[in-house]
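Those protein sequence lines, which keep their order, are chains A and B. Here my numbering is used: the first residue of the first sequence is 505, the next is one more, and so on. Here my numbering is used: the first residue of the second sequence is 135, the next is one more, and so on. Ideal Cβ placement from N, Cα and C applies to all residues, glycine included. Have a look at the structure below, then the notes.
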Amino acid sequence: MPVGRQGNLIVRSSKSVPDSELRAKLIEQIKKEKKPYGLYFEDIAGGFTLTLRNMPQAFQIMPLMVWKVYPDGRPDELVRGVDIIGTPLAALNRIILTGTKMDVFNGECGAESGSVPVSAAAPAMLFSEIEVQKVAQGHDRPPVLPPPGFEKTQTQTAKQGGR
Amino acid sequence: MRKLLIFALLLLPLLAATSLLADDKDDKVPAADVSSNDHGDPVLKAMLTELKRSQEKLQLGQLQRPYYIDYQVTELQDYAADATLGALRSDQANVGRFVRVVVRIGDYKQDSYFGEGQGTVEVMPMDNNETALRHQLWLATDKAYKAALGGLTEKQAALKNVVVEHEVPDFSEEKPADSVRDVAKLDVDLNKWKEVLRSTSNLFRVDPDLQSSDATLHFRLLNRFFVNTEGTVTRSGRAVYSLSFSGGTQAADGMRLDRSHGYTVTKPEELPTSEQIQKDVQKLIATFAELRKAPVVEDDYHGPVLFSADAATAMFEQLIVRNIVGTRPDLGNPARTSGDFASYYKSRVLPDFFTVVDDPRSKKIDDQSLIGSYDVDDEGVKVEPVTVIEKGVLVNYLLGREPIRDFIHSNGHGRTGLAGPPRPSISNLIFKASNAMSFDDLKKKLIQMCRDQGRPYGYYVETTGVRLAPRLLWRVYVNDGHMELVRGAVFNQLDTRSLRSDILAAGNDQYVYNRSEPVPSTIVAPSLLFDELEIQRANRARETLPQYPAPPITSAK
Numbered sequence: 505m506p507v508g509r510q511g512n513l514i515v516r517s518s519k520s521v522p523d524s525e526l527r528a529k530l531i532e533q534i535k536k537e538k539k540p541y542g543l544y545f546e547d548i549a550g551g552f553t554l555t556l557r558n559m560p561q562a563f564q565i566m567p568l569m570v571w572k573v574y575p576d577g578r579p580d581e582l583v584r585g586v587d588i589i590g591t592p593l594a595a596l597n598r599i600i601l602t603g604t605k606m607d608v609f610n611g612e613c614g615a616e617s618g619s620v621p622v623s624a625a626a627p628a629m630l631f632s633e634i635e636v637q638k639v640a641q642g643h644d645r646p647p648v649l650p651p652p653g654f655e656k657t658q659t660q661t662a663k664q665g666g667r
Numbered sequence: 135m136r137k138l139l140i141f142a143l144l145l146l147p148l149l150a151a152t153s154l155l156a157d158d159k160d161d162k163v164p165a166a167d168v169s170s171n172d173h174g175d176p177v178l179k180a181m182l183t184e185l186k187r188s189q190e191k192l193q194l195g196q197l198q199r200p201y202y203i204d205y206q207v208t209e210l211q212d213y214a215a216d217a218t219l220g221a222l223r224s225d226q227a228n229v230g231r232f233v234r235v236v237v238r239i240g241d242y243k244q245d246s247y248f249g250e251g252q253g254t255v256e257v258m259p260m261d262n263n264e265t266a267l268r269h270q271l272w273l274a275t276d277k278a279y280k281a282a283l284g285g286l287t288e289k290q291a292a293l294k295n296v297v298v299e300h301e302v303p304d305f306s307e308e309k310p311a312d313s314v315r316d317v318a319k320l321d322v323d324l325n326k327w328k329e330v331l332r333s334t335s336n337l338f339r340v341d342p343d344l345q346s347s348d349a350t351l352h353f354r355l356l357n358r359f360f361v362n363t364e365g366t367v368t369r370s371g372r373a374v375y376s377l378s379f380s381g382g383t384q385a386a387d388g389m390r391l392d393r394s395h396g397y398t399v400t401k402p403e404e405l406p407t408s409e410q411i412q413k414d415v416q417k418l419i420a421t422f423a424e425l426r427k428a429p430v431v432e433d434d435y436h437g438p439v440l441f442s443a444d445a446a447t448a449m450f451e452q453l454i455v456r457n458i459v460g461t462r463p464d465l466g467n468p469a470r471t472s473g474d475f476a477s478y479y480k481s482r483v484l485p486d487f488f489t490v491v492d493d494p495r496s497k498k499i500d501d502q503s504l505i506g507s508y509d510v511d512d513e514g515v516k517v518e519p520v521t522v523i524e525k526g527v528l529v530n531y532l533l534g535r536e537p538i539r540d541f542i543h544s545n546g547h548g549r550t551g552l553a554g555p556p557r558p559s560i561s562n563l564i565f566k567a568s569n570a571m572s573f574d575d576l577k578k579k580l581i582q583m584c585r586d587q588g589r590p591y592g593y594y595v596e597t598t599g600v601r602l603a604p605r606l607l608w609r610v611y612v613n614d615g616h617m618e619l620v621r622g623a624v625f626n627q628l629d630t631r632s633l634r635s636d637i638l639a640a641g642n643d644q645y646v647y648n649r650s651e652p653v654p655s656t657i658v659a660p661s662l663l664f665d666e667l668e669i670q671r672a673n674r675a676r677e678t679l680p681q682y683p684a685p686p687i688t689s690a691k
């Protein structure tokens, strides 16, 4: 049965700074809050929001690339195992400002009425506060044997960028 | 106190794992060897290379190494389409490659093939790219090995809770096979056959009282590659071409009436011609009009019944096939197999004039190809014909590599449809009677018996549907031999007991029933005369007829 769904969701901001200045604004905020570090979410795998009346109205986002940003000039540090959680109204009220460059997400969104194609467009956003939690992790042993063709060498890790 | 408790908890997993620890003998590479002959096939090459590496090196810490590994790669091309009233309704293609990896730890007597340890199935790359193929085999083997370690523990734990009356090995020891046959290719013009579906389904327009009708095709090609650490290498290709049509209507009193007709063959040239299909469709459509006006069976009948060879194959499929396969019952259950014939070994299950042979080597009967034929089963075991029932006595079961009491070797019947675990299955199951008589003589005998018993008529079952409910059931009248179609009947108490004691005679005709599910197999049987069977009215709720007629359908397109 069809239900009300997202089509092209476009988020525009009336309080923005050029993207090149966002990092400085983040560090400024970290210092103001007297935090040891802030977080920069570069990329996410996806997320979901519970919308049923009998469940808490909460969302969870699964980031892929998360960096710790230090206010003292140390290089950023890549971290893993972090999920963003919260409730939509509380979280969205903590956006301080945004960047100017819009990015477009085209993908599939799943809900009661199935998967539908959707788009979302938004600039980068700076939050004064966001809640994160540790990801539940599996404890599967890695494969016993090295992959075929790599019996004598160590497994190489990618040095180049890319998602 | 708290410290002590933690210590005890830490120790627990260690204790549980002791039975999995390798003995000294496990440090050696198992005696049997992986074949080095890939027959120039890139898929077999990738499989053998990864199999050898796994056999030589796969070991997790100090835990046991596998004593046996097999890889089964199945390549599938599957096309299905159907049409109704001249219009194509569905058209699907499904193409892919899977691998099933079985790793066994322990030994032939007791191993890890239990619970999660019964193999791992993964999707395989379709291109013959050695790196990509081996990579997926590597991951699947790793997963299957870890699951096997769990399976053995699980089995040993389960065995502690039951009394095992008969010690039967877990896995049969068999000679390695090397049998590499050509892969099959799907050799048909699909567009032409979709056109045949349109024209075939269009023929049903002539009967405005048909509520449903369709023509369906299902062409399936399976190429299978199998290797194991005992040295077996096999490759085989199989194609099954099925075409069928069916219709459904309601009689004036609301009774649902269904008919269907199908052809299942191994080569496209064996599929029927358009003329043949047209003839068969018209014959089928004519029976709907006959059935709608046929009288409903009202009274219970206990007396002689004649089965056509077609109906006999359907009945044997229901009553014999699942009982002659040697499927091991659950752990601790002392029965020999899990079928109805578990305690019938060396006992009579059919009249003494019947002999039943399962013959995977037979390829044709008369002009009809048998779709259950093969050289080597899905566990890499070579096959020979197996006499299952000799002069009415059950002398054998059909077996894969899971032994049952008194049958510790496979006879080449471990088979699987797609990527499930192989299970004992029939191939070409052929029923033969030594005292066969012509169908006409059987009919005469039916009439004579009814006359002697003072009955006005006997029954003849031409074809059956779901749960053996007759679809075409005729009364054969004693006075002049004429036949009258009736509807709405079911058999009561038609079971393995009636097969043992109520079959009086068999015909010298035979019907070849090719079935594509659960695995391609064939049942061949003659017509049968039963001494006494019970036929009664089917008591089912009837739906009312549609409130208003179907939209006008003309016979022209």
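Under 9 angstroms between beta-carbons, which chain B residues line up against residue i? List them in chain order, please.
i, result
"Gly642(A)", "In chain order: nothing, as chain B lies at least about 13 angstroms away."
Give the interface partners of residue i over in chain A, defined as CB-CB distance under 7 angstroms, in chain order.
i, result
"Tyr202(B)", "The contacting residues do not exist; Tyr202(B) stays about 17 angstroms from chain A at best."
"Leu178(B)", "Those do not exist, as Leu178(B) stays about 15 angstroms from chain A at its closest Cβ, beyond 7 angstroms."
Pull up the DSSP beta-bridge partners for residue i, would you.
i, result
"Asp434(B)", "In the DSSP output, where bridge partners are listed per residue, Asp434(B) has none listed."
"His352(B)", "Ala214(B), Ser376(B)"
"Lys498(B)", "Ser503(B)"
"Phe631(A)", "Ile599(A)"
"Thr550(B)", "None; Thr550(B) has no bridge partner."
"Glu424(B)", "Answer is none; Glu424(B) lacks a bridge partner."
"Ala625(A)", "Ile514(A), Val608(A)"
"Lys566(B)", "Thr489(B)"
"Tyr544(A)", "Trp571(A)"
So residue i contacts chain A; which residues on that side make the cut at Cβ distance below 9 angstroms?
i, result
"Gly191(B)", "The question names Gly, yet the displayed sequence has Lys at residue 191(B). The answer, in chain order, is Val648, Leu649, Glu655."
"Leu194(B)", "Arg645, Val648"
"Asp231(B)", "Residue identity differs from the one stated: residue 231(B) is Arg in this sequence, not Asp. Within 9 angstroms Cβ-Cβ: nothing; Arg231(B) doesn't reach chain A, min ~17 angstroms."
"Arg187(B)", "Leu649, Pro652, Glu655"
"Trp272(B)", "Pro647, Leu649, Pro650, Pro651, Pro652"
Using a cut-off of 8 angstroms between C-beta atoms, extract the partners of residue i located in chain A.
i, result
"Thr265(B)", "Pro652, Gly653"
"Glu98(B)", "Coverage of chain B is limited to positions 135 through 691, which leaves residue 98(B) absent and any answer about it impossible."
"Glu268(B)", "In the sequence as displayed, the identity of residue 268(B) is Arg instead of Glu. Those within 8 angstroms of Arg268(B) in chain A are Pro652, Gly653."
Who are the Cβ neighbours of residue i in its own chain at under 6 angstroms, not counting the five residues just before and after it?
i, result
"Val455(B)", "Ile560"
"Gln416(B)", "none"
"Lys162(B)", "The predicted position of Lys162(B) is uncertain, since its pLDDT is 49 and thus under 50; a value taken from the coordinates is nonetheless stated next. Nothing listed; no residue qualifies."
"Leu662(B)", "Phe441, Ala446, Ile637, Ala640"
"Glu616(A)", "Val507"
"Val431(B)", "Val620, Gly622, Ala623, Arg671"
"Ala595(A)", "none"
"Ile534(A)", "Gly542, Pro575"
Excluding the five sequence neighbours on either side, which residues of its own chain have a C-beta within less than 8 angstroms of the C-beta of residue i, listed in chain order?
i, result
"Lys638(A)", "Gly585, Val586, Asp587"
"Glu612(A)", "Ser619, Val620, Pro621, Val622"
"Gly473(B)", "Arg456, Asn457, Ile458, Val459, Thr461"
"Arg495(B)", "Ser507, Asp509, Val517, Glu518, Pro519"
Which same chain residues, not among the five before or five after residue i, have their C-beta less than 7 angstroms away from its C-beta?
i, result
"Glu404(B)", "Ser503"
"Val374(B)", "Arg354, Thr398, Thr400, Ile505, Ser650, Pro654"
"Met559(A)", "none"
"Gly550(A)", "Met566"
**Prompt:** What residues from the segment 308-341 of chain B come within 8 angstroms of chain A, judged by C-beta to C-beta, listed N to C?
**Reply:** none
**Item:** Members of the segment 384-396 of chain B that neighbour chain A once the beta carbon cut-off is set at 7 angstroms
**Value:** none
**Request:** Using a Cβ-Cβ cut-off of less than 9 angstroms, list which residues of the segment 277-290 of chain B approach chain A; keep chain order.
**Result:** Lys277, Tyr279, Lys280
**Prompt:** Which runs of the beta strand (DSSP E), 3 residues or longer, sit entirely within the segment 580-645 of chain B?
**Reply:** 591-598, 604-611, 617-620, 623-626, 637-640
**Asked** Taking the runs of the beta strand (DSSP E) that are 3 residues or longer, which of them lie wholly in the segment 361-387 of chain B?
**Response** 367-384
**Asked** Taking the runs of the alpha helix (DSSP H) that are 4 residues or longer, which of them lie wholly in the segment 260-330 of chain B?
**Response** 264-293
**Prompt:** What are the complete beta strand (DSSP E) segments, minimum 3 residues, inside the segment 510-545 of chain B?
**Reply:** 520-524
**Contained alpha helix (DSSP H) runs [length at least 4] in the segment 167-235 of chain B, N- to C-terminal order** = 176-191
**Asked** Going along the chain, which unbroken runs of the beta strand (DSSP E) with 3 or more residues stay wholly within the segment 552-612 of chain A?
**Response** 563-573, 581-583, 586-590
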